[in-house]
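> Chains as they are written, first to last, in our numbering: chain F, 1 to 153; chain S, 154 to 306. Glycine included, every Cβ here is placed at the ideal spot set by N, Cα and C. Computed from a predicted structure; not experimentally measured. Supplied in structure tokens, the structure appears directly below.
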DNA sequence: CGAAAAGGGTTGCATTAAAAAACCAAATAA
DNA sequence: TTATTTGGTTTTTTAATGCAACCCTTTTCG
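Structure follows, in structure tokens:
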């Protein structure tokens with residue numbers, strides 16, 4: 001049966017998963033952040049089936065995460081580039097990568113460093129308004145009127 | 154054919170997606186962060202099919218993201234709780250939620266606030282070692298020896 | 001006490017999506 | 001000109017999803 005869509009769950013997470021929550025989309029986006037732009041390069045670096053890659057790229061373009069640009073002088077030669085919305089997934093990608101490294105060890109030899117200084121980037125954290133790090137136990141989900149909804153953690 | 158496993162892509166993102174990258178797992182985890190612990194409550198709040206929920210919970214337990222605890226005096230009454238590894242996905246969940254809200258608007262009325270102060274939490278950001286925010290254009294992926302691999306962005 | 005409901009699943013079946021490979025057309029390269 | 005690259009689409013097989021029905025054990029209610 002049709003894969004359940006999450007639109008009806010009025011939840012931002014569900015909404016995000018509709019756009020980038022399937023098995024390949026985040027890997028395509030990560031690869032794009034590494035500088036990959038052409039169809040064949042995505043295909044070869046990820047080992048993804050061509051039809052799936054087509055489908056994912058189309059869907060990412062539809063959702064405004066990537067754009068398809070014709071970069072040929074007289075003909076068709078496409079590049080897929082991240083939009084601002086796509087580049088803004090950087091935080092999610094890094095958070096996921098760091099989580100995986102913390103709990104499963106480093107699976108790849110690549111390291112993420114600041115371009116200017118060469119120093120490794122810091123661990124991504126949820127912070128309070130004044131900058132202190134917050135765990136899930138230190139936050140609360142509240143409704144519009146500020147009343148606590150459920151206990152987190 | 155068998156869904157491609159990402160283990161062979163020696164990539165931390167791929168590894169993370171193997172554990173929590175399918176359609177339902179992250180929603181189950183988010184719901185657990187809201188305080189849900191019992192099977193039926195997951196089922197009803199998410200509207201997930203029971204067999205799929207069984208499968209996801211088992212897999213999350215296998216991967217050490219959740220634990221199944223028998224909380225009955227004389228019989229069986231289970232609770233599914235996040236482990237430390239699961240709670241550590243908080244950063245990922247919040248980053249994804251904030252991304253979705255920035256680009257698609259707020260889909261739910263819930264707000265995430267600091268428990269102690271009641272103030273909304275800050276936007277999650279990737280930061281350099283000295284604390285300044287970094288975009289994808291300001292970082293570099295380097296190999297073990299520090300040589301630049303590919304251009305990010 | 002007995003009946004009914006709730007909790008935590010498992011099983012079967014229809015539908016759909018994924019993977020692989022073959023095929024295709026336009027544009028380059030040799 | 002012929003071969004190859006690029007960016008796809010089509011076809012076929014296999015796995016996953018969703019739904020409903022069923023099951024067994026505990027609680028709860030009359």
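Can you pull the chain F neighbours of residue 388(S), defined as C-beta to C-beta under 8 Å?
No answer is possible for residue 388(S): it lies beyond the span of chain S, which begins at 154 and ends at 306.
> Check for me: the beta strand (DSSP E) holding residue 63(F) runs from which residue to which?
Taking the first residue of the first chain as 1, we reach residue 63(F) at position 63. Residue 63(F) -> no beta strand (DSSP E), and no H or E assigned at all.
> Assuming residue 87(F) and residue 291(S) make a contact with CB atoms under 8 Å, what is their CB distance in whole Å?
Residue mapping note: residue 87(F) aligns to position 87 of the first chain, counting from 1. Residue mapping note: residue 291(S) aligns to position 138 of the second chain, counting from 1. Contact flag wrong, Cβ pair sits at about 11 Å.
> Quick check on residue 232(S) - is its C-beta less than 7 Å from some C-beta in chain F?
Looking up residue 232(S) in the second chain gives position 79. No, residue 232(S) lies away from the interface with chain F (no Cβ there is under 7 Å from its Cβ).
> What's the call for residue 97(F), buried or exposed, on a 16-neighbour Cβ count within 10 Å?
Within the first chain, numbered from 1, the residue matching residue 97(F) stands at position 97. Residue 97(F) should be labelled buried.
> Within 7 Å (strictly less), CB to CB, does residue 122(F) reach chain S?
Translated into the one-based positions of the first chain, residue 122(F) becomes position 122. For residue 122(F), the answer is yes, since a Cβ of chain S falls inside 7 Å of its Cβ.
> Excluding the five sequence neighbours on either side, which residues of its own chain have a C-beta within less than 8 Å of the C-beta of residue 196(S), listed in chain order?
The residue given as residue 196(S) occupies position 43 in the second chain. Closer than 8 Å at Cβ, skipping near neighbours: 203 and 206.
> Can you pull the chain S neighbours of residue 55(F), defined as C-beta to C-beta under 7 Å?
Counting from 1 along the first chain, the entry for residue 55(F) is found at position 55. Chain S residues near residue 55(F): none, gap ~14 Å exceeds 7 Å.
> Residues in the same chain with beta-carbon distance under 7 Å from residue 216(S), minus the five sequence neighbours each way, listed in chain order, please.
Stepping through the second chain from its first residue, residue 216(S) is reached at position 63. Same-chain partners within the cutoff: 172.
> Buried or exposed: which applies to residue 191(S), given that a residue is buried once 16 or more other Cβ atoms fall within 10 Å of its Cβ?
Within the second chain, numbered from 1, the residue matching residue 191(S) stands at position 38. When all chains shown are included, residue 191(S) counts as exposed.
> Specify the secondary structure class of residue 223(S) as computed by DSSP and reduced to three states.
Within the second chain, the letter at position 70 stands for residue 223(S). Three-state DSSP puts residue 223(S) in a strand.
> How big is the Cα-Cα spacing for residue 287(S) and residue 225(S)?
Counting from one through the second chain, the residue named residue 287(S) turns up at place 134. Counting from one through the second chain, the residue named residue 225(S) turns up at place 72. Distance between the alpha carbons of residue 287(S) and residue 225(S) is about 49 Å.
> Taking 7 Å as the threshold (beta carbon to beta carbon), is residue 220(S) in contact with chain F?
The sequence position of residue 220(S) within the second chain is 67, counting from 1. No, residue 220(S) does not count as interfacial toward chain F.
> Under a three-way DSSP split, which group does residue 235(S) fall into?
Within the second chain, numbered from 1, the residue matching residue 235(S) stands at position 82. DSSP places residue 235(S) in strand when its eight states are reduced to three.
> From residue 284(S) to residue 231(S), what distance separates their C-alpha atoms?
Along the second chain, one-based indexing puts residue 284(S) at 131. Along the second chain, one-based indexing puts residue 231(S) at 78. Approximately 43 Å between the Cα atoms of the pair.
> Classify residue 280(S) as helix, strand or coil using the three-state DSSP reduction.
Residue mapping note: residue 280(S) aligns to position 127 of the second chain, counting from 1. It is a strand residue.
> Suppose you measure from the CA of residue 83(F) to the CA of residue 15(F); what does that come to, to the nearest Å?
Stepping through the first chain from its first residue, residue 83(F) is reached at position 83. Stepping through the first chain from its first residue, residue 15(F) is reached at position 15. Roughly 18 Å between the two C-alpha positions.
> Counting only beta-carbon separations shorter than 7 Å, does residue 194(S) have a partner in chain F?
Here residue 194(S) refers to the residue found at position 41 when the second chain is read from its first residue. Cβ-Cβ to chain F under 7 Å: no for residue 194(S).
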